[in-house]
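Numbering (UniProt numbering), first residue to last: 1 to 229.
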């Protein structure tokens, strides 16, 4: 009998010399032995339940894909809207900045013109003041004529030259030159009083003239009577 160490050595030598052929023979022998034992082969054909599950998963994936496409389209629309709004806001801000810049330039130009106008006004004030001073000096140096009274042929005073100028100045102001009021001279109450006085004087003159005529007639009658006697 050979011991266990010799058996192992022999088996190792056989494997090396055969190059694995002995092992393949063993597998073939094992397959034949399995067939001999009557074991059934495994059925790898997919069942109806498995097919249904795969179909359900496929439909779910399709639904998810459609939802993703819809979400992607909405996101694209939202992105375009946001970009358009951002562009509009940018243009509006640029327009406001441009308008603000133009307004600042206009304000600066108006300020410059205002300063020039104020400077011109100050210069004109200075010139007017100098002209007034020069005119005052000329008036002081020029001799003034005296106001003389104007006499009528009967020796009565007709009025002063200054009063005539005052009446003319009052008439220029469209006022009454009789009393110096603001009303028209035709509506002056003093004029009405003057008219009444003139009417009374005319009436008195007429009465005096009538009495003189009667006296003349009486004188003529007396003279005729004296001649008759």
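Think of the CB as a built atom: it goes at the ideal place given N, C-alpha and C, for glycine as much as any other residue. Fair warning: this is a prediction, and the values are worked out from it, not measured in the lab.
- Here DSSP, grouped into helix, strand and coil, assigns residue 47 to coil.
- Distance between residue 106 and residue 116, taken at the CA atoms: about 15 Å.
- A straight-line Cα-Cα distance of about 42 Å links residue 93 and residue 64.
- Residue 55 and residue 66 have their C-alpha atoms some 16 Å from each other.
- Residue 101 and residue 108 have their C-alpha atoms spaced approximately 11 Å apart.
- Given a length threshold of 3 residues, the region 47-86 has no whole run of the beta strand (DSSP E) inside it.
- When only Cα atoms are considered, residue 130 and residue 111 end up about 29 Å apart.
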